[in-house]
Structures are given as C-alpha cells and as structure tokens.
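Here the structure comes first, spelled out in structure tokens, and everything after it is commentary.
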Amino acid sequence: MLKTLSPERVAQVACAPLKGGDLGPEATDAALTIRALTVSYGEAPVVFSVDATFPAGSMTAVIGPNGAGKSTLLKAALGIVPKLSGTVTIHGRPVEEARALVAYVPQRASVDWDFPTRAIDVVLMGRYRTTGLFRKIGKSERAIALDALARVGMSAFADRQIGQLSGGQQQRIFLARALAQDTPVLVLDEPFAGVDAATECTIFDVLAGLSAEGRTVVVVHHDLATVPERFDRVLMLNVRKIAEGPISETFTPANVRATYGGKIGLSDAIDWPTRAA
Amino acid sequence: MSALIEVFSLSAGYNAAVVTIGSALLGIAAGTAGTFLFLRKRALVSDALAHATLPGIVIAFMVMVSMGGDGRSLPGLLVGSALSALLGLLLVDALTRHTRLTEDAAIGAVLSVFFGLGVVGLTIVQTMTSGRQAGLEGFLLGSTAGMLFGDAILIAVGALVAIAVVFVLRRAMTIVSFDPGFAQATGLSVRAIDIAIMALVLLVTVVGLKLVGLILVVALLIIPAASARFWTERSDWVLLLSAVFGGTAGYVGAALSAVAPRLPTGSLIVLTAFALFAVSMMVSPHRGVLAALLKRRRTAIRVHRRQGLLALAKGEMIFDAMTLAVLRRDGFIRADGVPTQAGAAEAAKALRDEARWVIAGRVLNEDALNLRVDVLTPLEQTFTPDQIAAIDAALQNPRPA
Numbered sequence: 039m040l041k042t043l044s045p046e047r048v049a050q051v052a053c054a055p056l057k058g059g060d061l062g063p064e065a066t067d068a069a070l071t072i073r074a075l076t077v078s079y080g081e082a083p084v085v086f087s088v089d090a091t092f093p094a095g096s097m098t099a100v101i102g103p104n105g106a107g108k109s110t111l112l113k114a115a116l117g118i119v120p121k122l123s124g125t126v127t128i129h130g131r132p133v134e135e136a137r138a139l140v141a142y143v144p145q146r147a148s149v150d151w152d153f154p155t156r157a158i159d160v161v162l163m164g165r166y167r168t169t170g171l172f173r174k175i176g177k178s179e180r181a182i183a184l185d186a187l188a189r190v191g192m193s194a195f196a197d198r199q200i201g202q203l204s205g206g207q208q209q210r211i212f213l214a215r216a217l218a219q220d221t222p223v224l225v226l227d228e229p230f231a232g233v234d235a236a237t238e239c240t241i242f243d244v245l246a247g248l249s250a251e252g253r254t255v256v257v258v259h260h261d262l263a264t265v266p267e268r269f270d271r272v273l274m275l276n277v278r279k280i281a282e283g284p285i286s287e288t289f290t291p292a293n294v295r296a297t298y299g300g301k302i303g304l305s306d307a308i309d310w311p312t313r314a315a
Numbered sequence: 008m009s010a011l012i013e014v015f016s017l018s019a020g021y022n023a024a025v026v027t028i029g030s031a032l033l034g035i036a037a038g039t040a041g042t043f044l045f046l047r048k049r050a051l052v053s054d055a056l057a058h059a060t061l062p063g064i065v066i067a068f069m070v071m072v073s074m075g076g077d078g079r080s081l082p083g084l085l086v087g088s089a090l091s092a093l094l095g096l097l098l099v100d101a102l103t104r105h106t107r108l109t110e111d112a113a114i115g116a117v118l119s120v121f122f123g124l125g126v127v128g129l130t131i132v133q134t135m136t137s138g139r140q141a142g143l144e145g146f147l148l149g150s151t152a153g154m155l156f157g158d159a160i161l162i163a164v165g166a167l168v169a170i171a172v173v174f175v176l177r178r179a180m181t182i183v184s185f186d187p188g189f190a191q192a193t194g195l196s197v198r199a200i201d202i203a204i205m206a207l208v209l210l211v212t213v214v215g216l217k218l219v220g221l222i223l224v225v226a227l228l229i230i231p232a233a234s235a236r237f238w239t240e241r242s243d244w245v246l247l248l249s250a251v252f253g254g255t256a257g258y259v260g261a262a263l264s265a266v267a268p269r270l271p272t273g274s275l276i277v278l279t280a281f282a283l284f285a286v287s288m289m290v291s292p293h294r295g296v297l298a299a300l301l302k303r304r305r306t307a308i309r310v311h312r313r314q315g316l317l318a319l320a321k322g323e324m325i326f327d328a329m330t331l332a333v334l335r336r337d338g339f340i341r342a343d344g345v346p347t348q349a350g351a352a353e354a355a356k357a358l359r360d361e362a363r364w365v366i367a368g369r370v371l372n373e374d375a376l377n378l379r380v381d382v383l384t385p386l387e388q389t390f391t392p393d394q395i396a397a398i399d400a401a402l403q404n405p406r407p408a
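So the protein sequences, as listed, match chains F and V. Going letter by letter, the first sequence gives residues 39 to 315 in the working numbering. Going letter by letter, the second sequence gives residues 8 to 408 in the working numbering.
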C-alpha cells in the first residue's frame with residue numbers, strides 16, 4: 039500500500055531542504071544501470087556511449103544543455119525510443135523484464151491535454167498493470183488513485199477534465215500517476231518545466247519522500263540552482279557523459295563548465311557544495 | 008411514407024431487414040474503431056487505406072473471371088481489397104519512416120496513386136464483356152442493390168468481430184492514444200496497439216465497402232467520434248456515444264436506401280451521420296456553438312458584476328448601465344445605487360480576491376495562468392490549497408521579485 043504524506047506536508051509552502059545523506063557510488067546496489075548506451079536518429083549520435091549507475095534510494099539530477107540528450111538517454115533506457123547499442127538493467131534485470139519496477143513521467147508538453155479524460159482517469163492509467171486491460175476498475179484501485187491525488191494536493195480536482203487544469207496541476211497529475219504505479223524506480227522528464235513555485239515545492243517534497251522510502255528517483259532537470267540543495271547525485275551530460283557521482287564531489291564549477299561549454303554564465307545563485315571555485 | 012415505416016420497423020421483407028441490421032452493426036463497428044483513430048489523431052490514414060482498396064477490387068475481379076468464376080463474389084472482392092489496402096498502408100508507413108516525407112504527404116501520394124490505378128482498372132473492366140454488369144462502381148459510393156443475404160451476413164459478422172476487439176483492447180488503446188511514451192515505458196507496445204487500431208479500421212473499411220463505398224467510409228469512421236466528443240469529456244463515453252451515433256447512421260441510412268434505391272447508400276448513411284454531427288455541434292452543453300454563445304453572455308455578466316463590486320469596494324461611481332442592472336438584480340445595490348449589506352460584504356470579498364489574483368500571476372509564474380484559468384472563478388475552485396497558501400504568503404509578505 040502507498041505511504042501517504044500528511045496534509046500538512048502537502049500544504050507546505052516553503053521548500054524545506056529535504057534530502058537523504060550523500061550516497062557514494064559504492065554505497066548501495068544499483069537500481070538502474072546503463073552501459074554504453076548510444077542513440078542516433080540520423081548520422082550524428084544524440085547520446086554517445088553513456089555509462090551511468092543510479093544507486094538504489096538515490097535522488098539524481100540529470101543535467102546538461104539543450105540538445106544534450108538528457109531526455110533521449112532516459113527514453114532509450116526505458117525502451118521508448120530505439121537505441122543503437124547498449125544495455126540497461128533495473129535492479130539487475132533487463133529493462134524489458136522489469137517494466138513493473140519503473141514509473142516514467144513524460145514531459146508535460148508531450149501529450150494533448152484536450153484529450154477526453156479526467157484527472158482520476160489519468161492516475162488510474164498507472165494501475166493498468168494490476169487491473170489488467172479487461173477487468174473493471176475496482177474500489178481498491180480507485181482508492182489507490184485517490185490516495186496518489188491526495189499526496190500531490192489534487193484531491194479536489196479528481197473529476198476535472200485535464201484540460202481545465204493549470205500547467206502545474208497537470209504536472210501533479212502526471213506525478214500522481216507515477217505514485218499510483220508504486221514502483222521502486224521513478225524516472226521524471228523535466229517535471230519542473232513551466233510549473234508554479236508551489237507545485238515545485240510539492241513535487242520536490244513528494245520526491246524527497248519517495249527517496250526517503252528507499253525508492254530511486256531520476257529527474258531530468260534544468261534549474262542548476264536547486265541541484266545541490268534537492269538532489270544527492272548528479273549525472274552531467276552533453277551527448278557524452280561528462281561526470282556522475284555524489285553532489286559534493288561532482289557538482290563543481292569545472293564540471294558544469296565542461297558540460298555547458300561556454301554557453302552558461304555561472305550564476306551566483308548556485309550554492310556550490312564544497313571546495314568550490 | 009408507409010414504405011418508410013415498413014423499412015424502419017424491419018418488416019419490408021427479410022432481405023431488407025438483414026441489410027438494415029448489417030448496416031447498423033457496421034455503423035457501430037465504424038463508430039468504435041473510428042474513436043481510436045480520432046483520439047490517436049490519425050483520421051486521414053483511413054482515407055488512404057480506403058482509397059487503396061480500389062485496385063485490389065478490380066484485380067480480384069479480373070482474377071476471378073479469368074479463373075472462370077463469378078467475378079462478383081463479394082468475399083473474393085473483399086480479400087482483394089484488403090490486400091491492396093494493406094499494401095497502401097505499408098507504403099504510407101515506409102514513406103514516413105524511411106524518407107523525410109511527413110505522414111500527410113505520404114497519405115496524399117498513396118491515396119491518389121492507388122485511386123488512379125483503380126479507376127484505370129475499372130475502365131478496363133467495363134470494356135470487358137463479362138465486366139459490363141459487374142457493378143463494381145457500386146464500391147465507390149456504396150449500394151444495397153443486388154446485395155445477397157450472404158453478403159449482409161458477412162458484413163454483420165465482420166462488424167461484430169471489430170466491436171469485440173475494440174471492447175477487449177479499449178483500455179490499452181486509450182492509454183496509447185493519450186500518452187504513447189508512458190504506454191511504452193509500462194510495457195504496452197505502442198506499435199502493436201497502433202497495428203491493432205489499423206487492422207480494425209481495415210476490417211471495417213473492407214466489410215463496409217459494399218454498403219458505404221470506399222470514398223465515404225472514412226466519414227463513417229470519423230464523424231461519429233467527432234460528434235460524440237461534443238457531448239462528453241470522458242473517453243469511455245466518447246466510445247459508447249460514437250457507437251450509438253454510428254449505429255444510428257447505419258440503420259437510418261440503409262433504411263432510407265431501401266426506400267430510395269436510386270440514391271447511393273453510402274451517401275445516405277454519411278448524410279445521416281452528418282445530421283447527428285450538426286445537432287451535436289449546435290446543442291452540446293459544453294462544447295457546442297449555442298453553449299459558447301451562452302457562455303460568452305454569462306462571462307459578460309460576471310465581468311460586470313466583478314467590476315461593479317470592485318467599484319463599490321473603492322467607493323467609485325458606477326455609470327455603466329449593464330453593471331448597474333447586474334448589481335441590482337443580484338441585490339448588491341438598492342434602486343438608488345446605494346450598496347446593500349450583502350453588496351458591501353461581497354465587494355470586500357471581491358477586493359481581496361482581486362488582490363490575490365494580481366499577485367497570483369507573479370507567485371505562481373504559470374504559463375497556463377492566462378490561458379486556462381478564468382480570473383472570475385473563486386480561487387478555491389482554481390488552485391490547490393498549497394498554491395493558495397503561496398499566494399497568501401506573498402500577499403502578507405510582499406517582497407520584490
């Protein structure tokens with residue numbers, strides 16, 4: 039059964055810095071392992087020979103400039119787009135056999151929100167593996183979906199057509215669907231793109247809660263300023279892997295510069311973890 | 008007129024009744040299969056598929072005649088049409104995958120080339136001695152003329168198979184239609200589901216060829232779903248209503264055709280479907296044209312009410328006649344324009360909500376704020392509690408951004 043956040047937690051506005059301790063690469067066994075993954079649509083690879091390990095219970099930000107292949111890496115790892123080469127395992131099993139272990143949250147802009155469906159129906163899609171494709175959705179499935187909606191503060195919107203929701207609320211629905219899947223691994227593609235500050239806090243809190251429960255969270259992320267405070271690991275990508283590891287060792291100005299090339303002015307807003315500059 | 012009643016009550020003879028029932032089942036099948044075509048936004052693929060049946064029909068006829076058989080055997084013609092439609096479908100797929108052509112361009116090319124080939128073949132068949140009475144042109148616009156009992160049964164069985172498959176796969180098809188990335192990640196094969204949708208459309212098209220005709224079958228696939236969408240925001244209901252609309256169109260169209268055999272059956276079916284569409288578009292309670300007009304009127308009243316209340320709260324004079332009328336009607340001001348107690352309370356609330364809205368745009372920083380959200384709706388119905396808390400926190404503690 040799903041663990042529920044208290045309403046106070048959900049209603050919390052100020053983002054409390056919630057994160058577990060830093061995990062070294064050898065700290066726990068790997069939840070998600072990517073080996074030599076290459077993706078190419080045309081002639082030039084979008085992702086080239088990337089190795090990455092996501093330890094169980096870690097919370098990792100995948101960062102890199104636009105077109106660096108962040109989304110593509112994860113989509114290919116989950117079999118959503120074809121990969122040219124590489125192997126992917128989830129808790130030691132090939133990804134094709136481990137579908138039940140991972141929940142994927144696509145970019146919000148990737149679907150048509152005018153689709154005739156309600157918030158609760160979208161969340162229930164996360165339960166289709168257990169409801170099966172044919173049987174009627176039972177009371178317990180509905181309860182799980184409502185619980186997931188409550189955890190993202192969306193209980194009052196269960197029957198709302200999804201097009202009637204604001205951008206941040208739509209993102210919460212997507213997160214609720216992933217929560218309803220109740221998986222040990224969660225992969226989120228830019229869950230903070232175009233969302234309001236309150237939603238950002240709620241999503242971060244939910245993700246931190248998942249991480250505290252020992253689940254593995256992987257987030258394609260854009261806002262470098264929140265990386266050191268909200269994540270414990272980082273994967274830096276620019277077609278090739280630039281660096282990966284615990285924030286304290288890996289998230290350094292030198293690595294960020296190497297990842298983004300000259301294209302980023304390193305902002306004062308970033309609170310560099312250690313030994314910076 | 009009595010002939011019409013006879014047909015509608017299925018008492019105009021056994022054959023006419025079977026054709027009418029077969030046509031209704033076909034309509035239901037088209038409505039259900041078409042729903043997923045519509046939701047997956049691939050309506051036009053079915054048009055290419057339908058037009059690509061023509062060369063197959065002609066070639067099947069020639070083959071059957073050359074083998075000394077009856078070229079008009081419906082099962083034989085349908086097998087031929089299915090094969091050439093499949094070829095057309097594969098060509099669209101190959102053009103889209105392996106060239107830089109987009110799907111619409113591939114559809115346009117395949118549709119016209121196959122149809123052109125088919126028309127040339129049709130002309131050749133009609134110059135053949137055995138082809139003169141073939142009646143193949145009936146496949147263009149549909150006809151019930153010369154339909155055998157066995158043909159009607161074939162249509163009915165094909166339709167029932169399509170309906171059963173949709174029922175079994177509806178949840179998977181819904182998930183794939185809404186969010187293919189998510190579907191693939193959870194282990195649903197998007198490609199397999201897409202193929203299933205296309206196979207259904209192919210089945211409906213092929214069994215519908217005789218009745219509706221290849222030019223119009225796309226309309227029977229799409230119009231019922233498009234009509235159903237006006238009435239509901241739930242995909243299950245779209246599916247059900249689309250089946251009802253499609254079935255009605257098939258039933259009424261075939262019945263009309265029995266009374267007026269000179270008119271093409273397909274046209275009658277499609278025009279019936281269109282009549283249902285037109286009604287849906289006009290009177291649907293949420294998405295309809297009339298509803299939109301009413302909504303605009305209601306919005307105008309709400310804007311005037313809000314502006315009036317804000318003016319009351321700030322003690323400003325109100326000159327606008329409509330604003331005064333709205334406030335008076337709601338009991339917020341007396342006949343002489345002095346605010347009532349209820350009016351004063353409501354005005355204070357409006358002022359607070361307005362202040363929250365002003366800050367909401369900054370605090371929530373939502374791209375969707377201006378698009379989806381109506382500033383006149385109470386905040387509680389628009390935002391989650393934590394979003395409202397964020398707004399109020401900013402309101403109490405204004406900080407320059």
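Glycine included, every Cβ here is placed at the ideal spot set by N, Cα and C. Values in this document were obtained by computation on a predicted structure and should not be read as measured data.
Short of 6 angstroms in beta carbon distance, which residues of its chain neighbour residue 232 (chain F), apart from the five on each side in sequence? Order them along the chain.
Here residue 232 (chain F) corresponds to residue number 194 of the first sequence, with the count starting at 1. Answer for residue 232 (chain F): 205, listed in chain order.
Starting from residue 268 (chain F), trace the beta strand (DSSP E) in both directions and tell me its first and last residue.
Indexing the first sequence from 1 puts residue 268 (chain F) at position 230. Segment 265–268 is the alpha helix (DSSP H) holding residue 268 (chain F); no beta strand (DSSP E) there.
Are the region 56–72 of chain V and the region 80–92 of chain V touching, with three or more C-beta to C-beta distances below 8 angstroms?
yes
Kindly confirm or deny that the region 300–318 of chain V and the region 329–344 of chain V touch, where touching means at least three C-beta pairs closer than 8 angstroms.
yes
Would residue 240 (chain V) count as contacting chain F if we go by Cβ distances under 9 angstroms?
Locating residue 240 (chain V) in the second sequence gives position 233, where the first residue counts as 1. It does; some Cβ of chain F falls within 9 angstroms.
Given a cut-off of 9 angstroms, decide if residue 97 (chain F) and residue 286 (chain F) are closer than it, judged by their beta-carbon atoms.
Numbered from 1 along the first sequence, position 248 holds the residue referred to as residue 286 (chain F). Numbered from 1 along the first sequence, position 59 holds the residue referred to as residue 97 (chain F). No, they are not a contact pair.
Give the straight-line distance between the Cα atoms of residue 233 (chain V) and residue 121 (chain F), rounded to the nearest whole angstrom.
Numbered from its first residue, the second sequence carries residue 233 (chain V) at position 226. Numbered from its first residue, the first sequence carries residue 121 (chain F) at position 83. Cα to Cα, the separation comes out at about 37 angstroms.
Min CB distance residue 118 (chain F) to chain V below 9 angstroms:
Mapped onto the first sequence, residue 118 (chain F) falls at position 80. Cβ-Cβ to chain V under 9 angstroms: yes for residue 118 (chain F).
Under the three-state DSSP convention, the category residue 291 (chain F) falls into
Position 253 of the first sequence, counting from 1, holds the residue named residue 291 (chain F). It is helical.
Of the listed residues F:185, F:99, F:119, F:202, nearest to residue 155 (chain F) (C-alpha basis):
As a position in the first sequence, residue 155 (chain F) is number 117, starting the count at 1. The shortest C-alpha separation from residue 155 (chain F) is found at F:202.
Indicate the three-state DSSP secondary structure (helix, strand or coil) for residue 326 (chain V) in the structure shown.
The sequence position of residue 326 (chain V) within the second sequence is 319, counting from 1. In the structure shown, residue 326 (chain V) sits in coil (DSSP, three-state: anything other than H, G, I, E or B).
Look at the Cβ atom of residue 146 (chain F), then the Cβ atom of residue 139 (chain F), and state whether they are nearer than 9 angstroms.
Counting from one through the first sequence, the residue named residue 146 (chain F) turns up at place 108. Counting from one through the first sequence, the residue named residue 139 (chain F) turns up at place 101. Contact: no.
Alpha carbon of residue 108 (chain F) to alpha carbon of residue 257 (chain F), nearest angstrom:
Numbered from its first residue, the first sequence carries residue 108 (chain F) at position 70. Numbered from its first residue, the first sequence carries residue 257 (chain F) at position 219. If you take the alpha carbons of residue 108 (chain F) and residue 257 (chain F), they lie about 10 angstroms apart.
Starting from residue 198 (chain V), find everything on chain F with Cβ-Cβ shorter than 8 angstroms and list it in chain order.
The sequence position of residue 198 (chain V) within the second sequence is 191, counting from 1. Near residue 198 (chain V) there are no residues of chain F at all, since even the closest Cβ is about 11 angstroms away, more than 8 angstroms.
Give me whichever residues DSSP pairs with residue 142 (chain F) in a beta bridge.
For the purposes of this step, residue 142 (chain F) is taken as residue 104 along the first sequence, with counting starting at 1. Paired residues: F:225.
Alpha helix (DSSP H) containing residue 212 (chain V): first to last residue?
The residue labelled residue 212 (chain V) in the question sits at position 205 within the second sequence. 197–219 is the extent of the alpha helix (DSSP H) around residue 212 (chain V).
Given a cut-off of 9 angstroms on the beta-carbon distance, is the pair residue 288 (chain F) and residue 69 (chain F) in contact?
Walking along the first sequence from the start, residue 288 (chain F) turns up at place 250. Walking along the first sequence from the start, residue 69 (chain F) turns up at place 31. The answer is no: Cβ separation not under 9 angstroms.
In the DSSP assignment, find the alpha helix (DSSP H) that holds residue 53 (chain V) and state where it starts and stops.
Here residue 53 (chain V) corresponds to residue number 46 of the second sequence, with the count starting at 1. Residues 50–58.
Rounding to the nearest angstrom, what Cα-Cα distance links residue 388 (chain V) and residue 367 (chain V) in this structure?
Position 381 of the second sequence holds residue 388 (chain V). Position 360 of the second sequence holds residue 367 (chain V). Taking the straight line from one Cα to the other gives about 14 angstroms.
Can you list, in chain order, the residues of the region 126–150 of chain F whose Cβ is nearer than 9 angstroms to any Cβ on chain V?
134, 137, 138, 140, 141, 142, 143, 144, 145, 148, 149, 150
Unbroken beta strand (DSSP E) run spanning residue 97 (chain F), endpoints
Residue mapping note: residue 97 (chain F) aligns to position 59 of the first sequence, counting from 1. Segment 97–101, the beta strand (DSSP E) holding residue 97 (chain F).
Spell out the partners DSSP gives residue 271 (chain F) in its beta bridges.
As a first step, residue 271 (chain F) must be located in the first sequence, where it is residue number 233. DSSP output for residue 271 (chain F) lists F:98, F:284 as bridge partner(s).
Residue-level contact to chain F via CB, residue 245 (chain V), 9 angstroms cutoff
Residue 245 (chain V) sits at position 238 when you count from the first residue of the second sequence. Yes, residue 245 (chain V) lies at the interface with chain F (some Cβ there is under 9 angstroms from its Cβ).
Show which residues of chain V have a CB atom less than 7 angstroms away from the CB atom of residue 157 (chain F).
Here residue 157 (chain F) refers to the residue found at position 119 when the first sequence is read from its first residue. Simply none; closest approach about 11 angstroms.
Name the DSSP bridge partner or partners of residue 232 (chain V)?
As a position in the second sequence, residue 232 (chain V) is number 225, starting the count at 1. In DSSP, residue 232 (chain V) forms no bridge with anything.
Could you confirm whether any beta carbon from chain F is found closer than 9 angstroms to the beta carbon of residue 269 (chain V)?
Translated into the one-based positions of the second sequence, residue 269 (chain V) becomes position 262. No, residue 269 (chain V) does not count as interfacial toward chain F.
Quick one: residues in its chain with C-beta nearer than 7 angstroms to the C-beta of residue 170 (chain V), no 5 flanking neighbours on either side, listed in chain order?
Numbered from 1 along the second sequence, position 163 holds the residue referred to as residue 170 (chain V). So the qualifying residues of the chain are 35, 36, 39.
Which whole-angstrom value is the C-beta distance of residue 27 (chain V) and residue 265 (chain V), which I expect to be below 8 angstroms?
Position 20 of the second sequence, counted from the start, is the residue given in the question as residue 27 (chain V). Position 258 of the second sequence, counted from the start, is the residue given in the question as residue 265 (chain V). Sure, about 7 angstroms apart at Cβ, within 8 angstroms.
Could you tell me whether the region 156–170 of chain V touches the region 203–217 of chain V, using the rule of 3 or more Cβ pairs below 8 angstroms?
yes
Could one say the Cβ of residue 288 (chain F) lies closer than 9 angstroms to chain V's Cβ atoms, at least one of them?
Counting from one through the first sequence, the residue named residue 288 (chain F) turns up at place 250. Chain V contact via Cβ: absent.
Can you find at least 3 beta carbon pairs, one from the region 257–264 of chain V and one from the region 316–335 of chain V, that sit closer than 8 angstroms?
no
For residue 49 (chain V) and residue 259 (chain F), what's the separation of their Cα atoms in angstroms?
Sequence index remark: in the second sequence, residue 49 (chain V) carries index 42 (1-based). Sequence index remark: in the first sequence, residue 259 (chain F) carries index 221 (1-based). Looking at the two C-alpha atoms, the distance is approximately 33 angstroms.
Sequence-distant residues of the same chain with beta carbon closer than 7 angstroms to residue 248 (chain V), five excluded per side
Translated into positions along the second sequence, residue 248 (chain V) becomes position 241. Counting only Cβ-Cβ distances below 7 angstroms, and skipping sequence neighbours, we find 235, 238, 239.
With DSSP run on the structure shown, which of helix, strand or coil describes residue 204 (chain F)?
Translated into the one-based positions of the first sequence, residue 204 (chain F) becomes position 166. Residue state, collapsed to three classes: coil.
Check whether chain F comes within 9 angstroms of residue 49 (chain V), counting only Cβ atoms and requiring the distance to be less than that.
What you label residue 49 (chain V) is simply residue 42 of the second sequence in a count that begins at 1. Residue 49 (chain V) does not count as touching chain F.
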